[in-house]
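Working notes for the structure below.
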Amino acid sequence: MSELRKDPTRGQWVLVRPRGEAGPASGDCPFCPGSEGLTPSEIAAYRKEGSAPNSPGWEVRVVPERDPYFQVEADLAREGVGMYDKITTRGASELIIESPDHEDTLATMKEEQVARLLWMYRDRLEDLKRDTQIRDILITRRHKKPGARLTHPYSRVVAIPIVFDEVRQELRESRDYYQFKRRCMYCDIARQEISAEERVVRLTPFFLVAVPYAARSPLETLVIPRQHRCEFEAITPEAAADLAKVLAEYFRTVSRRFQDPPYEMVLHTAPNLRSRVQQGEWATIADDYHWHLEVSLWPEQRDRYGGIFINELSPEDAARQLRSAWS
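Just so we're aligned, residue 1118 is where the sequence shown starts under this note's numbering, counting upward by one.
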């Protein structure tokens, strides 16, 4: 029985779960067209006209994870065990199959396909946030993860009944900054970086691509929308098309310059505002929080000591390398 347990010494949650089944022992990729029967029934899909669900003809397809971390079928229960707290794993674990092409990556996809993928991110966030028992949703994309069994391109969507620890810290820092300055911290970061220029990698009508001032690892990259929005779901078609172009060019650049490195892309967006637990919770979030994307190359090689990240490449040098490779 899976459950979330809270560590009172750190204020962090831990998912305790038994090891699940690896899935059917088939040599076929379950995500390729023609293998739809090897996955659970699809939740959503963008399809060519006339194609039936759970059959070929899709462009982007969403299925539940076969061995899910969180399940919509689970009842939400919060329980005290003496001084400890635990919560059942009510939520969702989904996989967004990004392309019918088994060999596709974000570096090889056409911009139109990246735009479809981003729009499916939006659709899944909107749909899952209708469930008031879901508090937070994280969308991640890993490339060349060590030990990964499947190599077909996919993103993971995890929806949970609590707020992810890192998101909670971001929300707190953003709120504190706003309460002191009455300005969005990420809007100020964008203005600062555009003014300083030295860490800017790319600037478009809708987005800033920059290496963070205190990057935690070499070539970590931050993508910030220049228009303030706390929720990714508020993205417009024009901004989504611009972001698709930015991401396609960025991943082509790093693939060419750094020999197709492993990476992790994480979408940071506001939690489910329909699921406020306390009165006044997230009262200023529309003003103080700002959705964004983080990309880390070679994420398994992040180095830290006593909780402090160690980065051996200065962010300014990293930005110069990325600018040079991009142009």
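From the three backbone atoms N, C-alpha and C, an ideal C-beta is built for every residue, glycine too. Remember, predicted model here, so these are calculated numbers, not experimental data.
The region 1154-1200 is shown to contain whole beta strand (DSSP E) runs of 3 or more residues at 1161-1164, 1175-1181, 1195-1198, in chain order.
Below 8 Å, enough C-beta pairs join the region 1378-1393 and the region 1404-1416 to call them touching: three or more.
The alpha-carbon separation between R1343 and G1154 amounts to approximately 42 Å. The secondary-structure analysis by DSSP pairs F1426 across a beta bridge with R1421.
Secondary structure of Q1250 (DSSP, three-state): coil. The DSSP-derived three-state label of R1136 is coil. Scanning the region 1378-1423 from its first residue to its last, the whole beta strand (DSSP E) runs of 3-plus residues come out as 1380-1385, 1409-1414, 1420-1422. Counting of Cβ neighbours within 10 angstroms places M1118 among the exposed residues, the total staying below 16. With fewer than 16 other Cβ atoms from the protein chains shown falling within 10 Å of its own Cβ, F1426 counts as exposed.
The straight-line gap separating the alpha-carbon atoms of R1373 and L1360 is approximately 20 Å.
For K1227, the three-state secondary structure derived from DSSP is coil. Beta-bridge partners assigned by DSSP to V1131: R1122.
Exclusion of the five residues before and after D1282 leaves Q1129, W1130 as the residues of its chain whose Cβ lies within less than 7 Å of its Cβ. When the five nearest sequence neighbours on each side are left out, the beta carbons in the same chain lying within less than 8 Å of the beta carbon of T1249 are those of N1389, R1391, S1392, in order along the chain. Sequence-distant partners of T1370 (beyond 5 residues in either direction) whose C-beta falls short of 8 Å from its own C-beta, in its chain, are L1439, A1442, W1443.
DSSP places A1356 within a helical segment (H, G or I) once states are collapsed to three.
One alpha carbon belongs to A1265, the other to K1298, and they sit about 44 Å apart. When rounded, the separation of the alpha-carbon atoms in E1228 and A1161 is 21 Å.
Per the C-alpha coordinates, the member of A1191, F1187, F1323, A1307 positioned closest to V1274 is F1187. Only buried fits G1208, as 16 or more other CB atoms lie within 10 angstroms of its CB. With fewer than 16 other CB atoms across the displayed protein chains lying within 10 angstroms of its CB, V1394 is exposed. Close CB contacts of I1279 within its chain, under the 8 Å cut and outside five residues either way in sequence, are with L1121, W1130, I1204, R1252, D1253 (chain order).
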